[in-house]
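Here the protein sequences come in this chain order: R and Y. Position 195, counted from 1, in the first sequence is what this note's numbering calls 618; the numbers after and before it change by one each time, with no gaps. Position 33, counted from 1, in the second sequence is what this note's numbering calls 34; the numbers after and before it change by one each time, with no gaps. Every residue, glycine too, gets a C-beta built ideally from N, C-alpha and C. As the structure is a prediction and not an experimental result, all values here were calculated from the model. First up is the structure itself, then whatever we jot down about it.
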Amino acid sequence: MKELLSHSPQPQPTKSGAGPSDAALVLAARAGEEWAREALFRRYARLALGLAYRILPRDVDVDDLVQDSFLYAFQRLDRLSNPQAFQAWLSSIVVRTAGKRLRRRRLQVRLGMLQSEPVDLDQIVSRSAPPDVAAELRAIYGLLEKLSVEERIALVLRRVERLEIPEIAEHMGLSSSTVKRRLNAAEARLESAVKP
Amino acid sequence: MNTPPSRYVQPEVREARVERLWQNVSHRLEARPSRVWRWVVLSSALAAGAAGAVLWLKMPATLNPASGGGEHAVLADAKLETKSDELSVTLGDGSSVKLGSQSEVQVESGHASSISLHLSRGELRCDVTHRDSRKFRVVAGDVEVRVVGTQFRVKTTPGPSPRVEVSVARGVVEVVSARRPGVVARVAAGQSWIQDAERASEKSEPAAPVEAPSSEPAKQDAPLPSAVPVVPSGRELFEKAAESRRAGDAAAAAHAYEELLRLHPGDGRASLAAFELGRLRMDRLGDLPGAIAALERAVAMKIGPSFREDALARLVSIYASQGNLAACRRARDRYSSSYPAGVHAAAVATRCGAQ
């Protein structure tokens, strides 16, 4: 990225070496600067891929989801009121786009246009995970397909991403009370699932 | 512990993957039509290539989206022809097609619900936006490519043995050739399909697979394999096996798993397929030697811990039932050393005769 940002008229890297701020990149991208969009993409592609994967743990879905999310974000940069908040804004776009995809996929499954594919828990959860964390993650991912879309996303954001209720509400575009209800339902299912 | 669990659920992200994604995003951003010309747009490449391109457009009056109706024409009855330059066209739904030099394509159907292109010569690259309600197909010679929502290339090669090549960079397409009636080849990302006139006329069954699909999409300019690879993907075979199992057809399910292991030994589902194949052979098909082979393969492929434990326990059971006590003890020791407190530990300890 340093090389990418070294050409005029791009801003020079900051003293910290972190490169231009998100706000500077967003403003440049809004002005139509391709390099700024690329810099934003490369800065947050891994974050978006990780978040998308944890919500939709299938690689084939993840790439499309991330592409669509960035495309949506770049086409609507003028709607971002705080340019420095690009990361959180992008995350919320990934979360909401994932929700749409999940709803569409479930509809396709119900209509017989798509087959529900089991998730390989051993592939999702890293082998380096401590046993208690691995067990919790396995329980969560083993349960996801049985939850509603909102319950599923809320559970992942809470138990895997460790977000607070207000953050989850913002990402999902729901009220905090709705998120709490979804989480309560999901947690109850999770509890009954892990009972011996 | 303050480490968030998300750290332990991470996709494998290589630089090549990020690069590929950026190329797709960048391309789609460039291809995005303006609001005024949302329904019919010729991209800037058209102007750039005007010197070498001839464009025939016979657009009907229904082109204007404001004219009403449920379907809006995109590019009806258009004929695109290039000489020395390439030509890019962006369709109303964001899909884009790029015509190579010395190429010609006719738009046979250009409605929002159905787009049909006929490539009469040369090369056509398509990046198709997936829409459930719209059919997108490309016809080249006697080959039909049905698009599911993808980025792919169709190339015709003239000569005494004309042939059509299809390579897919993203998504999936279905290819139907008139030379093989009733055979539909699904070509996934990273795979190529090549029509070989002589061989295609000799055989009527699906072509033999040649290569396992790559996890990365094929580079569009990469040389294509020289055979006729029509390879069902690992996912398709896994789904086929699951479907056969639900239908109670254990033999068909086992065959699908065998095909998956043969065609896609590096697929992420391969180890699970080997394990399931072992279970089927052991529990349903009575093929104990085959079950041993499959379960040993699953263990060697580093299947997930819970499956590995079950596979090892099953091996102990099979060897014991065969009276092969030496192999039984080896399998028992493998199990006991790996899972001293495993769920099968007590049962395994009693097998194979002397401790």
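Under the three-state DSSP convention, the category residue i falls into
i      : result
Q490/R : helix
T4/Y   : coil
L286/Y : coil
A248/Y : coil
A454/R : coil
L479/R : coil
L81/Y  : strand
E109/Y : strand
L120/Y : strand
A223/Y : Since pLDDT at A223/Y reaches only 33, below the 50 mark, its modelled position is unreliable, and the value read off the structure follows with that caveat. Three-state result, A223/Y: coil.
A213/Y : Since pLDDT at A213/Y reaches only 32, below the 50 mark, its modelled position is unreliable, and no value is offered.
R524/R : helix
L586/R : coil
A342/Y : coil
E206/Y : Reliability fails at E206/Y, whose pLDDT of 32 lies under 50, so the model's placement of it is uncertain and no value is given.
8 Å Cβ cutoff, residue i in contact with chain Y
i      : result
S549/R : yes
Q546/R : yes
R465/R : yes
Y495/R : no
V583/R : yes
G522/R : no
Q490/R : yes
L566/R : no
V485/R : yes
G473/R : yes
Member of the options whose CA lies at the smallest distance from the CA of residue i
i      : options                        : result
R561/R : G473/R, V542/R, E573/R         : V542/R
H345/Y : A328/Y, S318/Y, S322/Y, A327/Y : S318/Y
Q196/Y : R187/Y, V185/Y, S178/Y         : S178/Y
R122/Y : T158/Y, L316/Y, R8/Y           : T158/Y
R477/R : R15/Y, R18/Y, R8/Y, L22/Y      : R8/Y
L296/Y : R315/Y, G305/Y, W194/Y, P306/Y : R315/Y
A611/R : S600/R, L580/R, I563/R         : I563/R
R138/Y : L278/Y, E237/Y, V173/Y         : V173/Y
I516/R : A616/R, R499/R, K603/R, A558/R : R499/R
R330/Y : P5/Y, S339/Y, C353/Y           : C353/Y
D487/R : S193/Y, E16/Y, R21/Y, E31/Y    : R21/Y
T83/Y  : L125/Y, G191/Y, A255/Y         : L125/Y
V184/Y : P163/Y, E175/Y, E109/Y         : E175/Y
G565/R : K603/R, S615/R, R605/R         : S615/R
E109/Y : L118/Y, S97/Y, R18/Y           : L118/Y
S401/Y : L286/Y, Q24/Y, G235/Y, K241/Y  : Limits of chain Y in this structure are 2 at one end and 356 at the other, which puts residue 401/Y out of reach.
Distance between residue j and residue i (C-alpha atoms, nearest Å)
i      : j      : result
A189/Y : V485/R : 16 Å
V10/Y  : Q323/Y : 42 Å
R527/R : N325/Y : 53 Å
A348/Y : R247/Y : 30 Å
V146/Y : A170/Y : 14 Å
S598/R : Y495/R : 23 Å
L58/Y  : L81/Y  : Reliability of the predicted coordinates at L58/Y is poor, the pLDDT of 33 falling under 50, and the value obtained from them is presented with this limitation in mind. Their backbone Cα atoms lie some 8 Å apart in a straight line.
R453/R : H28/Y  : 17 Å
G343/Y : D555/R : 17 Å
R529/R : S571/R : 10 Å
Y336/Y : S444/R : 55 Å
Q546/R : P553/R : 15 Å
A608/R : V144/Y : 52 Å
Q510/R : R309/Y : 40 Å
G267/Y : E260/Y : 13 Å
R519/R : G596/R : 8 Å
L450/R : A274/Y : 50 Å
A592/R : V579/R : 13 Å
L525/R : E590/R : 21 Å
S600/R : E574/R : 13 Å
S115/Y : K136/Y : 5 Å
R582/R : R270/Y : 27 Å
N505/R : A447/R : 11 Å
In DSSP terms, what residue i is bridged to
i      : result
K136/Y : S115/Y
F153/Y : C127/Y, V169/Y
A189/Y : V173/Y
I195/Y : E166/Y
V141/Y : Note that residue 141/Y is Ala in the sequence shown here, rather than Val. In the DSSP output, where bridge partners are listed per residue, A141/Y has L120/Y, V144/Y.
T158/Y : R164/Y
S1/Y   : Outside the shown range of chain Y (2 to 356) lies residue 1/Y, about which nothing can therefore be said.
Any chain R beta carbon closer than 8 Å to residue i
i      : result
V300/Y : no
L22/Y  : yes
V42/Y  : Only weak support exists for where V42/Y lies, its pLDDT of 34 falling under 50; the value from the coordinates is given anyway. No, no contact with chain R.
V174/Y : no
R29/Y  : yes
Residue i beta carbon near the ligand NAP (any heavy atom closer than 7 Å)
i      : result
D487/R : Of the ligands one can find in the structure shown there are none, so the ligand NAP has no counterpart to examine.
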